[in-house]
Amino acid sequence: MSITPLMPVYPRCDVRPIRGEHCHLIGEDGTRYLDFAAGIAVNLLGHSHPGLIGAIQQQAATLMHVSNLYGSPQGERLAQRLVDITFADTVFFTNSGAEAVECAIKTARAYHQSAGNTDRFELITFGNAFHGRTMATISASNQEKMHKGFAPLLPGFRYVEFNDLEGAKAAMGPHTAGFLVEPIQGEGGIRVGTQAFIEGLRQLADEHDLMLVFDEVQTGVARTGTFYVYEQYGVEPDILATAKGIGGGFPLGACLATERAARGMTFGTHGSTYGGNPLAMAAGNAVLDAVANEAFLADVRAKGERIRTRLAQFIGNYPDLFEEVRGKGLMLGLKLKVEPRGFMQHLRDKHRLLTVAAGDGTLRLLPPLVIDEPEIDEFFEKLSAGAADYAVPEGA
Ligand SMILES: *Cc1c(COP(=O)(O)O)cnc(C)c1O
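Now the structure itself:
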């Protein structure tokens, strides 16, 4: 037998972490890595946060799982907190980002169809989007590499270029139910939605009674320096998908909606066996305890600005390697002039710095939000060394 016990869908590298300490990962062989990947924007409290560990340990010992047939004091508490700090009136808990987007798609369709508009099912989505790997969420993306071998796709999506408001307007028709967009594309390469684009989508949605759905799975939960990035645009969605950071490493996601947007999501229309179980709720509540306050958010913004400023200065030393710095808060990207995967591997294997390659020639920098000054200095030492000995063979 040549297939590996782990289904070989990931090209896994030689880093084999077995322990985490704050912003570092320690491999099976004892190698220490500085973690600017954070489980792809997940471990926002780093790897050994006492509050998160304590909450999970205590809840695991008290009550791990019950079904959604019963009342949930733990879930009510987390849902109420999310309702209090966001645009939303109601929350459905999931176990992943793709499931949160699935719920958002269903909520948007049901908004129209529960009111008798059964021909409104189409969501307009955007070039190079990433919404997850389920059938609906790959169908929502125009990325063919995710479609190959999985036909037929789910109907009901139309693709338009990201940041192309006129294109979005032109794509609207009698079947349009709404827009599904990442305000900042993550996998797509830290491509920031323009103010005019995000505002314009809101306006189109208002004018035509469409649902504006934000996929904040990667941008959400303090990553960009506000609890959700929509706050920085001053544009509220009708529906929002969140996951990644919200469990701090525990699998948790959620679909948030206004009361109006959720009008189709009535008894029996949706469900999840695990979604919102007491253990997941304990993790989510512990994450909110840490990040959902102005002092923490201001700290993320300040650190993001400092790193960004230093990066902008630094990249000037290597004009053949770097093109620009992108992103908001601690969701940063370096647009490279070389293939990002090779540089990511070089930083990882030679300098023990973990980053994530993304689309559009970009390297993602997604440190834990609790990163401190010495770790930021360590990052710049590793990046400088990595740029210096990567630039050499390139030179001439
Ligand atoms: C990661 C991601 C998803 C999918 O989340 P999973 O937990 O992997 O299912 C969806 N949307 C965006 C924007 C993401 O970054």
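Just so we're aligned, residue 1 is where the sequence shown starts under my numbering, counting upward by one.
Glycine is no exception: its CB is placed at the ideal position from the N, C-alpha and C atoms.
Extent of the continuous alpha helix (DSSP H) run through residue i
{"i": "residue 278", "result": "278-291"}
{"i": "residue 111", "result": "97-113"}
{"i": "residue 404", "result": "In the structure displayed, the chain extends from 1 to 396; residue 404 sits before or after that span and is not available."}
{"i": "residue 267", "result": "Looking at the DSSP string, residue 267 is not in any alpha helix (DSSP H), and its letter there is neither H nor E."}
{"i": "residue 77", "result": "73-85"}
{"i": "residue 168", "result": "165-171"}
{"i": "residue 305", "result": "294-315"}
{"i": "residue 201", "result": "195-208"}
{"i": "residue 364", "result": "Unbroken run through residue 364 is the beta strand (DSSP E), 362-365; no alpha helix (DSSP H)."}
Straight-line Cα distance separating residue j from residue i
{"i": "residue 172", "j": "residue 30", "result": "55 Å"}
{"i": "residue 233", "j": "residue 19", "result": "38 Å"}
{"i": "residue 139", "j": "residue 146", "result": "9 Å"}
{"i": "residue 142", "j": "residue 213", "result": "17 Å"}
{"i": "residue 208", "j": "residue 305", "result": "38 Å"}
{"i": "residue 224", "j": "residue 134", "result": "26 Å"}
{"i": "residue 89", "j": "residue 236", "result": "12 Å"}
{"i": "residue 394", "j": "residue 49", "result": "A caution first: residue 394 carries a pLDDT of 48, below 50, which makes its placement in the model unreliable, though a value can still be read off. Each residue's alpha carbon lies about 41 Å from the other."}
{"i": "residue 219", "j": "residue 229", "result": "6 Å"}
{"i": "residue 184", "j": "residue 190", "result": "6 Å"}
{"i": "residue 68", "j": "residue 124", "result": "32 Å"}
{"i": "residue 128", "j": "residue 61", "result": "43 Å"}
{"i": "residue 396", "j": "residue 382", "result": "Only weak support exists for where residue 396 lies, its pLDDT of 41 falling under 50; the coordinates are left without a value."}
{"i": "residue 6", "j": "residue 13", "result": "14 Å"}
{"i": "residue 114", "j": "residue 240", "result": "19 Å"}
{"i": "residue 342", "j": "residue 349", "result": "10 Å"}
{"i": "residue 386", "j": "residue 374", "result": "18 Å"}
{"i": "residue 38", "j": "residue 369", "result": "9 Å"}
{"i": "residue 8", "j": "residue 255", "result": "30 Å"}
Contact test: residue i Cβ vs ligand 1 heavy atom, cutoff 7 Å
{"i": "residue 218", "result": "yes"}
{"i": "residue 130", "result": "yes"}
{"i": "residue 253", "result": "yes"}
{"i": "residue 247", "result": "no"}
{"i": "residue 244", "result": "yes"}
{"i": "residue 213", "result": "no"}
{"i": "residue 187", "result": "yes"}
{"i": "residue 127", "result": "no"}
{"i": "residue 114", "result": "no"}
{"i": "residue 97", "result": "yes"}
{"i": "residue 229", "result": "no"}
{"i": "residue 101", "result": "yes"}
{"i": "residue 182", "result": "yes"}
Range covered by the beta strand (DSSP E) that runs through residue i
{"i": "residue 24", "result": "24-27"}
Top-ranked residue by Cα proximity to residue i, from the options
{"i": "residue 64", "options": "279, 53, 159 and 16", "result": "279"}
{"i": "residue 338", "options": "390, 221 and 376", "result": "390"}
{"i": "residue 199", "options": "186, 174, 163 and 176", "result": "163"}
{"i": "residue 178", "options": "153, 112, 368 and 167", "result": "112"}
{"i": "residue 359", "options": "34, 344 and 290", "result": "344"}
{"i": "residue 204", "options": "309, 176 and 45", "result": "176"}
{"i": "residue 106", "options": "271, 79, 320 and 151", "result": "271"}
{"i": "residue 291", "options": "222, 181 and 174", "result": "222"}
is_contact[residue i, chain D] using C-beta, thresh 8 Å
{"i": "residue 293", "result": "As a matter of chain content, chain D is missing from the structure shown, which is built from one protein chain."}
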